[in-house]
Amino acid sequence: MVSLWKRLDRFLVNDRWLENWPSTTYVSLSTRTSDHSPLVLRGDTSNRVAGMFRFDNYLARSTEFIPAVRRIWRHHIVGSAMYAVTRKLKALKPIFRAQRQRKGDLSTNVSLAKGFLDSAQTMLAADRHCPTLLHLEFFRAKMAWLKEGGQCSRIFFRKVAKRRASKRVFQINTADGRTLTSQPVVIDEFIRLRGATWRDYTDRLIDLRYLRPWARHILTVDEAEALIAPVSSAEIRQAIFDIDETKAPGPDGYSAGFYKAAWPVIGGEVTQAILDFFRTGRLLKQINATLISLIPKVSNPAVVAEFRPISCCNVLYKAITKILVQRMRSILDTLISPSQNAFVPGRSIGDNVLLAQELFSGYNQRNLPPRCALKVDLRKAYDTVEWDFLKAALTLFGFPERFIQWIAECVTTPSYSVCINGAPHGFFRGAVDFDRGTLCPRFCLSWLWKCSH
């Protein structure tokens, strides 16, 4: 018979406590000779650090937005176009911080927004195809939640504080069984393990051209020339505007919403910065910086491996890789085997899942001959890709040298920082380009898998 255990010893706190010490925790010790567990309260010992800059898309709708951008953008910066763009973006950060602080009381603004939203929804009922009204309808669910949350009062902010506290990392367990509780030590452990995964890049010469007789397709001259054709301004603008403005920003804090709203002012210089990359094949280190955000895989992660690293890249980097990917799309079907369904337009990885289910249907029946199946864990396949092998594989399939240089510059020169408890920590370079927000390296994985066999 299974015994039922219930925890009776606990801490109870009020709203005022949560407002002042949102990150306090407690530990339940062993009961020993008593039927009660001693409780140890751990205070909020974490050092408060300045929050990272994040551009809020609602600032783009302010009347102060365009004049502020134009005022900074008219300054002349000595250096390359990439450098000038990064310096001007940095100069805009204190201005946007000040604008956000001048927005006033949030409760009053929410009340005004609700009234405006009600009138917008009435208009939307009459015209369901108006883009402006459809954009306003997007916020209907959020406003409904605010209404249920106590008119954006104490209940709402308590929920926000609780959610932020739940994402904080207070302690971590090491491989040798130790528990680290000091924040500097916890941060060092994350940086040490992440830095060990992304090792330094060393260029080596690998020749795979002897595999050409077994290659599925070698690029023709026309296909190769199309890959390195001059990049147009329209192509760059389309790449920028195809990025979802609600996606997490990179280390510079700017989302695609900023670029779209300020494009009449900054479009020319941003276009020139991206064109500089395709002319020189070189990326500024500020552009190729990456912020590693740690997403828990389980409800209560205890070790570093239970956090999923997600790379947040800058918008300019995303635009460059989108252009590369868009040029590769037309030739993917000819290069990648039909049995590989992931990351190829018109194919679905779910097809292989259904095929596997059919193959294993009735697999354990007694009247079948002896058989076995292998489950291969490819979890770290992307972590251990050697970029010189990637370059050799691209050469094998006939990619032009200039296009290979563009890809190599994107994937071999990143610098990483790890975001822990809302602040970036560490700075290290690496050769492994883990989930950097682009499909370009993922497409290459299929070719690498084919070459390795």
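Per the working numbering, the sequence shown starts with residue 1, numbered consecutively. Even glycine gets a Cβ: it sits at the ideal position worked out from N, Cα and C. Note that the structure is a prediction, hence the values are computed from the model and not measured.
- Item | Rounded separation between Ser255 and Leu332 - CA only | 29 Å
- Message: If you reduce the DSSP assignment to three classes, tell me which class Ala423 lands in.
- Response: strand
- Message: Measuring only the C-alpha atoms, how far is Ala81 from Trp263?
- Response: 16 Å
- Query: For Leu439, is the classification buried or exposed, using 16 other Cβ atoms within 10 angstroms of its Cβ as the cut-off for buried?
  - Reply: At Leu439 the pLDDT is 40, less than 50, meaning the model places this residue with poor confidence; the figure from the coordinates comes in the next sentence. Buried, by the Cβ-count rule.
- Look at the Cβ atom of Leu59, then the Cβ atom of Phe53, and state whether they are nearer than 7 Å. no
- Give me the Cβ distance between Thr63 and Leu41, rounded to the nearest whole Å; I'm assuming they're in contact under 8 Å. Wrong, their Cβ atoms sit about 49 Å apart, outside the cutoff.
- Message: For the beta strand (DSSP E) containing Ala289, name the first residue and the last one.
- Response: 289-296
- Message: What ranges does the beta strand (DSSP E) occupy inside the stretch 385-423, keeping only unbroken runs of at least 3 residues that lie completely in it?
- Response: 415-420
- Task: Please go through the same chain and pick out, in chain order, the residues whose beta-carbon is closer than 8 Å to the beta-carbon of Ile240, but skip the five residues on each side of it.
- Result: Ala256, Tyr259, Lys260, Trp263, Val270, Val315, Ala319
- Going along the chain, which residues of its own chain have a beta-carbon closer than 6 Å to the beta-carbon of Arg308, five neighbours each way excluded? Ile295, Lys297
- Item | Leu41 (DSSP reduced to helix, strand or coil) | strand
- Report yes if the CB atom of Ala248 is closer than 7 Å to the CB atom of Cys313, and no otherwise. no
- Item | Bridge partners - Leu180, DSSP secondary structure assignment | Ile172
- Query: Taking the DSSP output, what are the residues bridged to Thr25?
  - Reply: Arg42
- Message: Contact criterion: CB-CB distance below 7 Å. Does Glu358 meet it with respect to chain B?
- Response: The structure shown contains no chain B, having only a single protein chain.
- Message: In the DSSP assignment, the alpha helix (DSSP H) including Phe65 goes from what residue to what residue?
- Response: 65-73
- Spell out a yes or no on whether the stretch 321-328 and the stretch 224-235 are touching, meaning 3 or more CB-CB pairs, one atom from each, closer than 8 Å. yes
- Task: With distances taken Cα to Cα, identify the nearest neighbour of Glu225 among Arg402, Ile349, Ala408.
- Result: Arg402
- Exposed or buried, which one is Leu291 when buried takes at least 16 other CB atoms within 10 Å? buried
- Item | Residues near His36 in its chain [Cβ-Cβ closer than 6 Å; skip 5 each side] | Asp9
- Message: By the three-class DSSP mapping on this structure, what secondary structure does Pro264 have?
- Response: helix
- Consult DSSP for Asp222 and reduce its assignment to one of helix, strand or coil. helix
- Query: Any chance the stretch 171-182 sits against the stretch 412-419, with 3 or more Cβ pairs inside 8 Å?
  - Reply: no
- Task: Go ahead and label Thr334 buried or exposed: buried means 16 or more other beta carbons lie within 10 angstroms of its beta carbon, across all protein chains shown.
- Result: exposed
- Task: Return the residue from the list Ile404, His217, Leu39, Gly398 that minimises the CA-CA distance to Thr388.
- Result: Here the sequence assigns Asp to residue 388, which means Thr is not the residue at that position. Of Ile404, His217, Leu39, Gly398, the residue nearest in Cα terms is Ile404.
- Can you give me the start and stop residues for the alpha helix (DSSP H) that Arg327 sits inside? 315-328
- Item | Assigned secondary structure, Ser34 (DSSP; H/G/I helix, E/B strand, else coil) | coil
- Item | Residue from Trp214, Leu284, Ile72, Tyr317 with nearest C-alpha to Ile243 | Tyr317
- Query: From which residue to which residue does the alpha helix (DSSP H) around Lys93 run?
  - Reply: 81-101
- Query: In this structure, what does DSSP give as the bridge partners for Pro309?
  - Reply: Leu294
- Task: Name the one or two DSSP bridge partners that Arg429 has.
- Result: Ser415
- Message: To the nearest angstrom, how far is the alpha carbon of Pro213 from that of Glu409?
- Response: 29 Å
- Item | Helix, strand or coil at Arg61 according to DSSP, with G and I counted as helix | helix
- Item | Alpha-carbon spacing of Ala91 relative to Arg97, whole angstroms | 11 Å
- In chain order, what residues of the same chain lie with their CB nearer than 8 Å to the CB of Lys93, ignoring the 5 residues before and after it? Phe53, Gly253
- Item | Cutoff 7 Å; reference Pro38; Cβ partners in own chain excluding five residues on either side | Leu29
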